[in-house]
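Chains as they are written, first to last, in this note's numbering: chain A, 1 to 245; chain B, 246 to 490; chain C, 491 to 735; chain D, 736 to 980; chain E, 981 to 1225; chain F, 1226 to 1470. Every residue gets a Cβ at the ideal spot worked out from N, C-alpha and C, and that includes glycine. See structure below.
There are 6 protein chains.
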Amino acid sequence: MDLTTATWTDVRDLEADLAVVPVGSTEQHGPHAPLGTDVLTAEAVADAGVERVDREVVRAPAIPVGVAEEHRQFPGTMWVSEDTFRDYVAEAVSSLAHHGFDRIVLVNGHGGNVDALREVGGRLTRAGEAYVVPFTWFEVVGEHTADMGHGGPLETALLRHIEPELIAEERIEEARAGAADGWGDWTSYVNLAYDAAEFTENGVVGDPSEGSKERGEELLELATETLARLLEAVAERDVSRPEHR
Amino acid sequence: MDLTTATWTDVRDLEADLAVVPVGSTEQHGPHAPLGTDVLTAEAVADAGVERVDREVVRAPAIPVGVAEEHRQFPGTMWVSEDTFRDYVAEAVSSLAHHGFDRIVLVNGHGGNVDALREVGGRLTRAGEAYVVPFTWFEVVGEHTADMGHGGPLETALLRHIEPELIAEERIEEARAGAADGWGDWTSYVNLAYDAAEFTENGVVGDPSEGSKERGEELLELATETLARLLEAVAERDVSRPEHR
Amino acid sequence: MDLTTATWTDVRDLEADLAVVPVGSTEQHGPHAPLGTDVLTAEAVADAGVERVDREVVRAPAIPVGVAEEHRQFPGTMWVSEDTFRDYVAEAVSSLAHHGFDRIVLVNGHGGNVDALREVGGRLTRAGEAYVVPFTWFEVVGEHTADMGHGGPLETALLRHIEPELIAEERIEEARAGAADGWGDWTSYVNLAYDAAEFTENGVVGDPSEGSKERGEELLELATETLARLLEAVAERDVSRPEHR
Amino acid sequence: MDLTTATWTDVRDLEADLAVVPVGSTEQHGPHAPLGTDVLTAEAVADAGVERVDREVVRAPAIPVGVAEEHRQFPGTMWVSEDTFRDYVAEAVSSLAHHGFDRIVLVNGHGGNVDALREVGGRLTRAGEAYVVPFTWFEVVGEHTADMGHGGPLETALLRHIEPELIAEERIEEARAGAADGWGDWTSYVNLAYDAAEFTENGVVGDPSEGSKERGEELLELATETLARLLEAVAERDVSRPEHR
Amino acid sequence: MDLTTATWTDVRDLEADLAVVPVGSTEQHGPHAPLGTDVLTAEAVADAGVERVDREVVRAPAIPVGVAEEHRQFPGTMWVSEDTFRDYVAEAVSSLAHHGFDRIVLVNGHGGNVDALREVGGRLTRAGEAYVVPFTWFEVVGEHTADMGHGGPLETALLRHIEPELIAEERIEEARAGAADGWGDWTSYVNLAYDAAEFTENGVVGDPSEGSKERGEELLELATETLARLLEAVAERDVSRPEHR
Amino acid sequence: MDLTTATWTDVRDLEADLAVVPVGSTEQHGPHAPLGTDVLTAEAVADAGVERVDREVVRAPAIPVGVAEEHRQFPGTMWVSEDTFRDYVAEAVSSLAHHGFDRIVLVNGHGGNVDALREVGGRLTRAGEAYVVPFTWFEVVGEHTADMGHGGPLETALLRHIEPELIAEERIEEARAGAADGWGDWTSYVNLAYDAAEFTENGVVGDPSEGSKERGEELLELATETLARLLEAVAERDVSRPEHR
């Protein structure tokens, strides 16, 4: 049940304790993909996952601005500090738990949010306020995951499938030409870069031309299936905390 | 230019320093109107206002969860603390200013956000980081403003105009029957209530049946025109701070 | 019972759960009225209100520095950030509640404090720590309220009644000459100004010559009577929080 | 110049960079002395010191609630957390510095505030925002200092001199009978107590009957003279920070 | 140069801008390995790395308590919140930068610290305060890294090499018997566990009997060599921030 | 039992509720004594005290960076803000209490930490989380205490006894020559200095040549004996909070 379109009486009448919160970012994704990529993909995966399971699940509105200061050199990128992001997500999630929706999956579309969401999940779960786990769609798509870049094959593919008009097809070649091969600037297993602009000229990592619409369809199917399994696991899990040894 | 669908190169090529950020809330609006009312109305007004002016304006994604703990007794209502809300809005806005979009109107759809947005505007403006002013659509619609309730005539009207399928028409009578006449519980000019549930049974204030589609159209036109004028004023204003006396 | 002059054993022997906390500001009030105007008026109203009711009421010392950065261009104006002000008031109030004085009226003399005090009241009341409501004297004086400015008719009148020697009568004409007609600089129902110096040369809003001693007496009587009624209402109110719907 | 009674134009016309801020506490002082003791004594000393020097000095309103949780078992005692106290004092002081009053003495009447005020002084001074030093009157009265208790000889004496009607003379014997000899409960040079109620039954430490009016007069003279010397030193001091070695 | 044993004049006479800060944790490492494992290993690697390079490097004292709440069910485990840990590390590092040691490697021995240290590095580097990168020894030891558990082969091996007397050899079998095979409890690529006690009975992950002294020697050599290369890279890197696009 | 070298099973098997946490600082101690002086001395005293008592006591790792910004002009000095220091110590201590070690002595070696540790002790004790008292070794050594400076007779003596190789004997004369006689720059009983560099050229206060090895041995014995008595008192104390009066 989508909170944006439901009434409070609809929610009251629901038999459910499961919720999903899409979490994205508004940030550069190269000259060919929209700044909203991470919101749009997170929402698409969340919606498909919720539809796949045979349970009632509350679907919260997407959180649109995340941890993205690493893209600050690229116009239009928005961000908040990690502290503020954690608090905003944690408190929004707590308000769901207040109504009994206390098993929550954060469906994430942005790599920069991953650490912060895990921290939020731990904070709320250990405090017994809610059981909260983050799920990042491009980490769960099997062998595709290795191709994840930024505005690269995976994100381009998924967008071509779900929002094809938002990919500037005429700039794919430009995007490819200015792209970096990999994320970061590594020495001794350490990424020496903190800003994406240190290693990519146009903000792209990976080759977007390898992201076909068909691949996007497959990615969505993989992510959906995995999310559905996770939702089942979260619903059934014994979330009581272990005893002190 | 909508940041969600634009690329960073689109934003780079823009000649603009003006931006709007829709700010809403996901909270109960009675048995007949959706929890997303304040987001949907803020977005509709923001989009119409941006379209009306003869200037380039950046349009950020809407902030979906606000200051709404006063509705916490009604299922599905989401909220964050006022501190966290202020920080989230202020930092998101600062990231726009970082790219030169440093004249910003916060187009707000929720009464509970008003004080916090004014505080954020003051904080950023006085610090010289950006010139930021909040605009709350139902405060600017002339004599209609006096009819503002909660899920009442104004919000119902505007939704019937912009998202008619989201109004549960079959529950309008129920909504009306359980509604309060006015917001709050007043003695000596002081509102003694802090939770909406102290004075409204079903979350409604005002009579939604007085909110026709036509009235909604008029409200949108009034809000749009007023926002357009404000955008011009914000664009032209001398925002330097006064001298110490 | 005034906490400043009472001993702890006096307080221990009191049968009471009601308290008032005067809250003011030390800030410019034009060339003719003292920087302490908002403290002095808040204290006068608080004391008169306490005396008027037929109940024991604890009277805390006045909080002298508030939310007044908007007057920062005028020498002598003191302020703290809104965050710090809220915490200071909230914690001071909580310490009263610790002793059982957990129904508290914040008697306020400064417009800039209004939003922050309402937020503090909500925070403490919803948390069940104390029932706290703010009361701002110039908002409760009937038709006079429409004349409220800054260092204008109302404040000048009240001071002439309670502290006549603190009005520099010889500068009333100067104060009037440099005064603004209204508070703020409005376009499209939005106040575009954040600093008082953007719209008033000498810090005055409204005509102080319309603030006679007799009017001040009437204002005090109105505020006193209203506060007394509020104190009764606060004492009698069922402050339990509503059930979850 | 007293900020409470001065106008902003009076302050503007002042040639000064020196200010004093009285800092007190509203807390138990035994059955015989008022809860406001620390505010009243701090104000008396501050006023006398300002009058003694041959310079213009701005006198801010007293801060009435301080670090006093150690007295929380005694009705009427008010307090805020140390964090909030530090922020409130620091920001109030910074607002004075904003107008050029950037050499500031915090005239303190409460032992529990001492550490926090020193921390605030260090924070502002090292940041170059203002030069701020705390001064606690009962630490500067020569051999009398050794007699400092709580509601004991020194405070009782000073109050008998400055506010004789606020000492409940008929309870002096009771106060003396229930008093502790010294502050704290010491083992191995460590005070094992955190609450005054751990070592004093009625909140008194020291013998109030040894606090005559004459002694109070002498104390005020000593404190005044010392404060005057300090004000001169603060006015003349080179407050630039040392070079990095 | 070890800050613990050097004098300030020694440090003053140094030609250097490079520093290392060992960061550990005091937390359970099974029945056979000490709670201090992560501090001891971080220090050993840091010292060996500093010795290997042909540059002067400042060596700060190790930070002994980190992000380890996940081990809270095991007696003796210490931790602080992630917020506090980040602030403590960031401010300690900033104090080094104050003296010109503004290229800093955080030599880390604990998995739970990784995210927080990366965040600190980003915060300080983007602010231009210092260039700070974290280095976690067990992530840089080539194919060994895949064997990393907790109190498992790698940590046991390294301790047997550097502090053999701290491994309780008589409990290795017990440690092995109660160990988990892998870290976490995974479904759909998501770790559903937040506390180590959810998946390991005795706190061990991996087989400590596979951690020979010889393997430990090899691990130290690998980590040392990698750290030395990193120190060179950090010393030589252009750390200016990229231009806005 | 030393937490660094014990296993969690060792700690589990302990019958104890008493713990010590050494707290130091890494800061200048003149040209002759190491930056780690306050850590080394705190650890030596803590270890000797623990050994002296006939009880099981948990010994936590030392906290190495404290409140030392006052020495910031001297290279190599590290510090964190007082807020962060308090939080780090308080949370580390709370994690010990979580395992039942809820009577805790903070064995401190640095004057700058004293106020902050007392505040932490009050915060945790009043909240009922743990009973925590700070103990600063140079405050408990009888008449020697009066000789305490900085890198002066006491610290030099103790180091000569416990870590003689860390005293640069060849620079004792230099240290003495540049030393200040006393700590601070006093007028009217107020220390006008906030940075040590305002009153000492080389960072030394007091004459280190008066700190013989023999004196160091005596100091350690005095501190050990006093700490042992304190540990007994802390173990036996009724730590319930007093009743509200």
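Backbone secondary structure at residue i - three-state DSSP
i: N353 of chain B; result: strand
i: F135 of chain A; result: strand
i: I553 of chain C; result: strand
i: L1228 of chain F; result: coil
i: V1275 of chain F; result: helix
i: P267 of chain B; result: strand
i: R171 of chain A; result: helix
i: H161 of chain A; result: helix
i: V1430 of chain F; result: strand
i: V302 of chain B; result: coil
i: R821 of chain D; result: helix
i: A506 of chain C; result: coil
i: H1257 of chain F; result: coil
i: H1235 of chain E; result: Here chain E has residues from 981 to 1225 only, and residue 1235 of chain E is not among them.
i: R727 of chain C; result: coil
Integer-rounded CB distance, given that residue j should sit under 8 Å from residue i
i: H928 of chain D; j: D916 of chain D; result: Note that residue 928 of chain D corresponds to Ala in the displayed sequence, not to His. In fact, because the Cβ distance is near 14 Å, the residues do not count as touching under 8 Å.
i: L1265 of chain F; j: E1388 of chain F; result: 6 Å
i: R363 of chain B; j: L476 of chain B; result: About 18 Å separates the two Cβ atoms, so there is no contact after all.
i: L1383 of chain F; j: G1441 of chain F; result: 4 Å
i: L35 of chain A; j: W253 of chain B; result: 6 Å
i: A361 of chain B; j: F330 of chain B; result: 5 Å
i: G1191 of chain E; j: R1140 of chain E; result: 7 Å
Nonlocal neighbours in the same chain, by C-beta distance under 8 Å from residue i, ignoring five residues either side
i: A903 of chain D; result: P766, H767 and A768
i: L1447 of chain F; result: V1365, V1366, G1367 and H1369
i: F1299 of chain F; result: E1252, Q1253, A1421, A1422 and G1428
i: D17 of chain A; result: G100, F101, D102, R103 and A235
i: V788 of chain D; result: A963, L966 and E967
Residues that residue i bridges to, as DSSP identifies them
i: L192 of chain A; result: Note: L192 of chain A sits in no beta bridge, so no partner.
i: H734 of chain C; result: DSSP, once it has assigned bridges, lists no residue as partnering H734 of chain C.
i: W431 of chain B; result: B:N436
i: A558 of chain C; result: The partner list for A558 of chain C (beta bridge, DSSP) is empty, contrary to what the question assumes.
i: A1160 of chain E; result: E:V1185
i: H1375 of chain F; result: F:V1430
Cut-off 6 Å between Cβ atoms - residues of its own chain near residue i, not counting five sequence neighbours on either side
i: S515 of chain C; result: D528, G556, A558 and H600
i: H764 of chain D; result: T772 and G886
i: W1408 of chain F; result: V1430
i: D492 of chain C; result: R549
i: H316 of chain B; result: E272, Q273, T322 and A441
i: V1094 of chain E; result: T1116
Close-in-space but distant-in-sequence residues of the same chain around residue i (CB under 7 Å, 5 per side omitted)
i: S1189 of chain E; result: I1152 and R1156
i: V622 of chain C; result: V583, I594, L596, V610, G611, L614 and T615
i: A1026 of chain E; result: V1000, P1002, R1039 and V1087
i: D1432 of chain F; result: G1377, P1378, R1401 and A1404
i: T961 of chain D; result: V875
i: V57 of chain A; result: A16, L18, A19, V20, V50 and L231
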